[in-house]
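Only one structure is covered here, and it is reproduced in the block below.
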Amino acid sequence: MAVVLFLVALLASLGVSVTASPLLEAQLLSPRDVARSAVEAYNQETGTQAVFRLFKLKSFHKTQFDWGTHFSINFTIKETNCRKSVASYRLEDCRYQPNGITRDCSADVSVLDFVQEAPLTSVKCTQQQRAKKPSKKPKPKAQTVPKVTVEYFPSSFSTAALTIPED
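So the sequence shown is residues -20 to -1, 1 to 147, counted in mature numbering (1 follows the signal peptide of the UniProt record, and there is no 0).
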């Protein structure tokens, strides 16, 4: 406890606010809230104009430590109709693009008790492979069946031949 108080005093002397943000109370945070904050961090870090939004929370693991809470989460994000070039967009107002890019992501987020408004976040995303639509054209079928011929010679060797009958 003395270490935490020392760190709070040190951060306060440096001008860093140490008041708890209502959104990032580590004890009250849901994995979905943590995933949303990781998506916001991802949107800030990427060099594209596209804005992504949480699409699906796949899995999470929450670990409580003396110094805070750590979350390991896996989720999917999807491209929205919002663009970073628009100065003030609200992520909750952004709608998914019908054929938008989808990415699989994993994130590690640590919410420290003494600096709750600035969680340590590491996000990695990879683009999902789009499933190819089955072709409507039927695949050509073989019209003739190959015939296997095996011939034995009076020696220790034998040969086999694969022939296709001609029409």
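Don't be surprised by glycine CBs; every beta carbon is placed ideally from N, CA and C.
V66 counts as exposed, since fewer than 16 other beta carbons sit within 10 angstroms of its beta carbon. In the structure shown, S90 falls within a strand segment according to DSSP collapsed to helix, strand and coil. Nearest Cα to A21 within the set R75, A98 and T106: A98.
Under DSSP, the beta-bridge partners assigned to Q44 are T49.
Assignment of S65 by DSSP, reduced to helix, strand and coil, places it in the coil class. DSSP lists T56 and T106 as the bridge partner or partners of D84.
Less than 8 Å divides the Cβ of S17 from the Cβ of V89. Taking the CA atoms as reference points, P78 sits about 44 Å from D46. Annotated as distal: I81 and A15, with beta-carbon spacing of 8 Å or more. Judged by their CB atoms, T49 and K42 are nearer to each other than the 8 Å cut-off.
In its own chain, leaving out the 5 sequence neighbours on each side, no residue places its CB closer than 6 Å to the CB of Q109. In this structure T28 is exposed. Its beta-carbon is surrounded by fewer than 16 other beta-carbon atoms within 10 angstroms. The beta carbons of F40 and R83 sit no closer together than 8 Å.
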